[in-house]
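Chemist:
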Amino acid sequence: MHLSLVIPCYNEAENVSAMHDAVESAFANCGFEYEMVFVDDGSRDGTYANLRALHERSRQNIRLVRFSRNFGKESALFAGLGHAAGEYVTLIDADLQQRPEVALEMVRFLDAHNEFDCVTAFQAQRREGKLIAFLKRSFYRLMNRVTEIEFVQGASDFRTMRRCMVDAVLSLAEHNRFSKGIFSWVGFQTHYIPYTAEERNAGTSKWGTWKLFKYALDGIISFTTMPLRLTAVLGGGIALLSLVYMMVVIIQKLFFEKPPAGYATQVALILLLGGIQLLCMGILGEYLAKTYVESKRRPIYIAREVIAPKQRKTKEEGEA
Ligand code: UDP
Ligand code: MG
12 MHLSLVIPCY
22 NEAENVSAMH
32 DAVESAFANC
42 GFEYEMVFVD
52 DGSRDGTYAN
62 LRALHERSRQ
72 NIRLVRFSRN
82 FGKESALFAG
92 LGHAAGEYVT
102 LIDADLQQRP
112 EVALEMVRFL
122 DAHNEFDCVT
132 AFQAQRREGK
142 LIAFLKRSFY
152 RLMNRVTEIE
162 FVQGASDFRT
172 MRRCMVDAVL
182 SLAEHNRFSK
192 GIFSWVGFQT
202 HYIPYTAEER
212 NAGTSKWGTW
222 KLFKYALDGI
232 ISFTTMPLRL
242 TAVLGGGIAL
252 LSLVYMMVVI
262 IQKLFFEKPP
272 AGYATQVALI
282 LLLGGIQLLC
292 MGILGEYLAK
302 TYVESKRRPI
312 YIAREVIAPK
322 QRKTKEEGEA
């Protein structure tokens, strides 16, 4: 097996068949073996039924993993990587926003360039609003400043990895999976190719603004403890300022007979300090919560069903 295409699907009933056909036509004359690993991430529509139908009529190159519920795209990618048999593995969305032809280009590149272990597509031009684009840009800038790993602006999950990198990614069994960070954390030489995302084939994106914001926060907490240090610095800074202020008040009273400022200043200060304390506790709480979740050591996903490609069924059942 040369290539595995890992395809996470959540409520993609209208897309899976088109996706399968697009892959088949893109790889028709590629000259190597490939398989599609569809991960049904607890879809509530007809996705799984359609996948089963595809599996039935396929050329023995479809593997199915069905989750017991929706675990999220990150978990679906992890499951797909775990079940992929290929020497190369491509992560690609089910909605045809990422073209399978580009995946073929990626494989060809890796075949020809032994020094690279990964090819990642990045979106040079995005079809999105100015505000979102600005927020995303700021996020990347921030991440590059506060973490030791490199985040490339616009790099997507759409990528092809060599087996060694796939195994490295699988070895990071953390529960809070922020894959953009994981991919850069494991290292390896990555080649970037520009691409433009197509319009969604059918259905709607599962990423609202709030979900994106939460995802960004998760990324920061997963890959840097800088906010914790920041709270300490903030606390120290405020303590220092209050010392200075205290001296000013004392000097004013002793030498200039000026009474200390009254009620308004006190209320303002109490509110300010209370707010800052709550903020710091919140940051601390975020890290504590993540540690709590990690410490339970729960599995990243639960598969209800795993179906091997048709022809290999007997052999793999023997292994299991
Ligand atoms: N996806 C998933 N689980 C989820 C959400 C999304 O497996 O909980 C899949 C989805 O089916 C698609 C891919 O992840 O194949 C990208 O999702 P989407 O198109 O919603 O994201 P966008 O392209 O807007 O970033
Ligand atoms: Mg999409």
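First residue of the sequence shown? That's 12 in the numbering used here, and the numbers climb one at a time after it. Beta carbons: idealized from backbone N, C-alpha and C, even for Gly.
Got a sec, what are the start and stop residues for the alpha helix (DSSP H) P310 sits in?
Modeler: On the sequence shown, position 299 is the one that residue 310 refers to. Run containing P310: none; DSSP gives neither H nor E here.
Chemist: DSSP three-state label for V255, please.
Modeler: Your numbering for residue 255 matches position 244 in the sequence shown. It is helical.
Chemist: Tell me whether S190, by its Cβ, gets closer than 6 Å to a heavy atom of ligand 4.
Modeler: Only ligand 1 and ligand 2 can be found as ligands here, which leaves ligand 4 out of the picture.
Chemist: Output yes or no for whether 7 Å exceeds the beta carbon distance between T131 and R170.
Modeler: One-based indexing of the sequence shown puts residue 131 at position 120. One-based indexing of the sequence shown puts residue 170 at position 159. For T131 and R170, yes; Cβs fall inside 7 Å.
Chemist: Would V113 and A90 be called neighbours here (beta carbons separated by less than 7 Å)?
Modeler: Along the sequence shown, read from residue 1 onward, the residue named residue 113 stands at position 102. Along the sequence shown, read from residue 1 onward, the residue named residue 90 stands at position 79. Going by C-beta atoms, V113 is not nearer than 7 Å to A90.
Chemist: What would DSSP say about D9, mapped onto helix, strand or coil?
Modeler: Summary: the structure shown does not reach residue 9, with the chain confined to residues 12 through 331, and so no result is reported for it.
Chemist: Helix, strand or coil, according to DSSP, for E25 in the structure here?
Modeler: Taking the first residue of the sequence shown as 1, we reach residue 25 at position 14. Coil at E25, not helix or strand.
Chemist: Short of 7 Å in beta carbon distance, which residues of its chain neighbour M30, apart from the five on each side in sequence? Order them along the chain.
Modeler: By 1-based counting over the sequence shown, the position of residue 30 is 19. Closer than 7 Å at the Cβ level, and outside the excluded window around M30, lie I18, A105 and L107.
Chemist: Which residue comes first and which comes last in the alpha helix (DSSP H) that contains F120?
Modeler: Numbered from 1 along the sequence shown, position 109 holds the residue referred to as residue 120. Looking at the DSSP string, the run of the alpha helix (DSSP H) that includes F120 is P111 to A123.
Chemist: Between L183 and L92, is the Cβ-Cβ spacing less than 7 Å?
Modeler: Taking the sequence shown and counting its residues from 1, one reaches residue 183 at position 172. Taking the sequence shown and counting its residues from 1, one reaches residue 92 at position 81. It is not a contact, given that the beta carbons lie outside the stated cut-off.
Chemist: Assign I261 to one of three DSSP states: helix, strand, or coil.
Modeler: Here residue 261 is taken as the residue at index 250 of the sequence shown, counted from 1. Of the three classes helix, strand and coil, the one that applies to I261 here is helix, per DSSP.
Chemist: Using beta-carbon positions only, say whether M1 and D229 come within less than 7 Å of one another.
Modeler: Since the first residue of the chain shown is 12 and the last is 331, residue 1 is not available in this structure.
Chemist: Is there at least one non-hydrogen atom of ligand 2 closer than 6 Å to the beta-carbon of Q108?
Modeler: On the sequence shown, residue 108 is found 97 positions in, with the first residue counted as 1. Yes; taking the cut-off as 6 Å, the Cβ of Q108 has a heavy atom of ligand 2 nearer than that.
Chemist: Output needed for N187: all residues of its chain with C-beta closer than 8 Å, excluding positions within five of it in sequence on either side, in chain order.
Modeler: Residue numbering aside, residue 187 sits at position 176 when the sequence shown is read from its first letter. These residues qualify, in order along the chain: D229, I232, S233, K301, V304 and E305.
Chemist: Report the partner residues of M4 according to the DSSP bridge assignment.
Modeler: With the chain represented from 12 up to 331, any question about residue 4 goes unanswered, as that position is not in the structure.
Chemist: In its own chain, which residues sit with a C-beta less than 8 Å from the C-beta of H13, not counting the 5 before and 5 after it?
Modeler: Your numbering for residue 13 matches position 2 in the sequence shown. Cβ within range, chain order: F43, E44, Y45, G97, E98, Y99 and V118.
Chemist: Check whether the Cβ of D104 lies closer than 6 Å to any heavy atom of ligand 2, and answer yes or no.
Modeler: By one-based count along the sequence shown, residue 104 stands at place 93. Answer for D104: yes, Cβ within range of ligand 2.
Chemist: Between P320 and I73, which are expected to be in contact by the criterion C-beta below 8 Å, what is the C-beta distance as a whole number of angstroms?
Modeler: Your numbering for residue 320 matches position 309 in the sequence shown. Your numbering for residue 73 matches position 62 in the sequence shown. Yes, P320 and I73 are in contact; Cβ-Cβ is about 6 Å, under 8 Å.
Chemist: The beta strand (DSSP E) with T220 in it runs from where to where?
Modeler: Your numbering for residue 220 matches position 209 in the sequence shown. Premise fails: T220 lies in the alpha helix (DSSP H), T220 to F234, not in any beta strand (DSSP E).
Chemist: Compute the Euclidean distance between the alpha carbons of L62 and G198, then round it to the nearest angstrom.
Modeler: In the sequence shown, residue 62 corresponds to position 51, counting from 1. In the sequence shown, residue 198 corresponds to position 187, counting from 1. Whole-angstrom Cα-Cα distance: 34 Å.
Chemist: Say whether the region 285 to 297 touches the region 47 to 55, bearing in mind that this needs 3 or more beta-carbon pairs closer than 8 Å, one atom from each stretch.
Modeler: Touching, no, given that fewer than three Cβ pairs across the two stretches are closer than 8 Å.
Chemist: So, using beta-carbon positions, are F150 and A227 closer together than 7 Å?
Modeler: Numbered from its first residue, the sequence shown carries residue 150 at position 139. Numbered from its first residue, the sequence shown carries residue 227 at position 216. Their beta carbons are under 7 Å apart, which means F150 touches A227 by this criterion.
Chemist: Would the beta-carbon of K222 be found less than 6 Å away from any heavy atom of ligand 1?
Modeler: For the purposes of this step, residue 222 is taken as residue 211 along the sequence shown, with counting starting at 1. No, the beta carbon of K222 sits no closer than 6 Å to any heavy atom of ligand 1.
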